[in-house]
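Heads up, the thing below is written out as structure tokens.
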Amino acid sequence: MTATETTTESTTETTTEPTTTQETETSTATETSTTPGDTASLLEISGTELEEGEYDVAVVGEIENTGNQRFSYVETTATFRNDAGDVLDTTMTNLAGLGVGQVWQVYVPYLGEKSEVADGELSISDTTVGEIPEPPDSVELLEDSLEPPADDFSGPTVTGRAENTSDSSIGYLEAAATFSAENGNVLGSGFTNITDLPAGETWRFEIEFTSYSTDAGDDGSDYELYLTDSAL
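Residue numbers for the sequence shown follow the numbering used here, beginning at -19 and rising by one.
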């Protein structure tokens, strides 16, 4: 986790943005936006299958970074089909940060009647190669921690505070948390942002992890936190 120090500042809050936010970055780190075809040799999809629960059905699978470059953004699309092979629905989900050798444990539920679904598949729909860029030096992460679920209907939540130590407003700041399972596999990401953080002010943020999986190990027991001044 990031080493932290604690101060008390006036706080500015923001709401969590949808997890379907795209990730793009600008920084001194080298970053390359790629098409799905470009990543065929870098990302490997395996173990794709339909997993049926008591009330729903989901496409599950694993996406492994088998290349030698880190991905700052990976987007996958789950396609659900009926007995005739017709497409019932497509659902996209994304991830902030997939390191070399890391595995993304994907779980995408179908939002309609589970009896309609006969087959499902995963595909890579978008990627960005490179490190997630760091925010300006004037942005200081004061603290961050993982809070346990408040009840049976919520997930673990990353809370944190970041300060604008400069003498001018920051037009955009985003926090992204990537949650991991007990086995080290990545489960998913959550995002939140703020616009126009005034000079000297502190932003308090919360990012909740929502897991649809019924596996007790898929509870988001660990996390990585990223701050950036670009939309991910």
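Think of the CB as a built atom: it goes at the ideal place given N, C-alpha and C, for glycine as much as any other residue. Keep in mind it's a predicted model, so treat the numbers as computed, not measured.
* For GLN49, which residues does DSSP report across the bridge? -> In the sequence shown, residue 49 corresponds to position 69, counting from 1. In DSSP, GLN49 forms no bridge with anything.
* Asked: Where do the ends of the beta strand (DSSP E) carrying ALA156 lie?
  -> For the purposes of this step, residue 156 is identified with residue 176 of the sequence shown, where counting begins at 1. Looking at the DSSP string, the run of the beta strand (DSSP E) that includes ALA156 is 150 to 160.
* Own chain residues within Cβ distance below 7 Å of GLY135, not counting five before or after -> The residue given as residue 135 occupies position 155 in the sequence shown. Excluding five sequence positions before and after GLY135, the CB atoms of its chain that fall closer than 7 Å to its own CB belong to PRO129, GLU188, PHE189, THR190, SER191 and GLY200, given in chain order.
* Continuous beta strand (DSSP E) assignments of at least 3 residues falling wholly in the region 51 to 117 -> Those beta strand (DSSP E) runs which fall completely within the region 51 to 117 and span 3+ residues are 51 to 61, 67 to 78, 83 to 89 and 99 to 110.
* **Spatially closest choice to THR46 from VAL86, ASP131, PHE60 and LEU23, by CA coordinates** => Reading the sequence shown from its first residue, position 66 is the one you call residue 46. For THR46, the closest of VAL86, ASP131, PHE60 and LEU23 by C-alpha to C-alpha distance is LEU23.
* Asked: Taking the beta strand (DSSP E) that GLU29 falls in, what are its first and last residues?
  -> As a working mapping, residue 29 is identified with position 49 in the sequence shown. First-last of the beta strand (DSSP E) with GLU29: 23 to 32.
* Nearest neighbour of THR218, chosen from GLY168, THR107 and SER95 [CA to CA] -> There is no way to answer for residue 218, as the model of the chain reaches only from -19 to 212.
* **Which residues DSSP lists as bridging GLY170, in chain order** => Walking along the sequence shown from the start, residue 170 turns up at place 190. GLY170 is bridged to ALA157.
* Roughly how many whole angstroms lie between the Cα atoms of GLU44 and ASP106? -> Translated into positions along the sequence shown, residue 44 becomes position 64. Translated into positions along the sequence shown, residue 106 becomes position 126. Approximately 15 Å, taken between the alpha carbons.
* Let me know if GLU32 comes out buried or exposed under the rule of 16 or more other beta-carbons within 10 Å of its beta-carbon. => Here residue 32 refers to the residue found at position 52 when the sequence shown is read from its first residue. Exposed is the call here.
* Just reading off the beta strand (DSSP E) that PHE185 is part of, what are its end residues? -> The residue labelled residue 185 in the question sits at position 205 within the sequence shown. Per DSSP, the continuous beta strand (DSSP E) segment holding PHE185 begins and ends at 182 to 188.
* Taking buried to mean at least 16 other C-beta atoms within 10 Å of its own C-beta, is ASP147 buried or exposed? -> Start at 1 with the first residue of the sequence shown, and residue 147 comes out as number 167. Classification for ASP147: exposed.
* Asked: Could you give the residue range of the beta strand (DSSP E) that holds ASN144?
  -> Working through the sequence shown from its first residue, we reach residue 144 at position 164. Segment 137 to 144, the beta strand (DSSP E) holding ASN144.
* beta strand (DSSP E) segment containing GLU125, residue limits -> On the sequence shown, residue 125 is found 145 positions in, with the first residue counted as 1. The displayed chain sequence assigns Ser, not Glu, to residue 125. Residue range 119 to 127 is occupied by the beta strand (DSSP E) that includes SER125.
* Asked: Closest to TYR152 by CA distance: which of PHE133, ASP131, SER118 and THR59 is it?
  -> Taking the first residue of the sequence shown as position 1, residue 152 is located at position 172. Per the Cα distances, SER118.
* Near ARG50, which residues of its chain fall below 8 Å by C-beta distance, leaving aside the five closest residues on each side in sequence? -> Mapped onto the sequence shown, residue 50 falls at position 70. Residues of the same chain with a CB within less than 8 Å of the CB of ARG50, apart from the 5 flanking positions on each side, are GLY77, LEU78, GLY79, VAL80, VAL109, GLY110 and GLU111 in chain order.
* Can you tell me the Cα-Cα spacing of ILE150 and SER125, whole angstroms? -> Reading the sequence shown from its first residue, position 170 is the one you call residue 150. Reading the sequence shown from its first residue, position 145 is the one you call residue 125. Rounded to the nearest angstrom, the two C-alpha atoms are 24 Å apart.
* At a cut of 8 Å, does the region 86 to 95 reach the region 172 to 180 through at least three beta carbon pairs? -> A contact between stretches requires three or more CB pairs, one per stretch, nearer than 8 Å, and the region 86 to 95 fails this requirement with the region 172 to 180.
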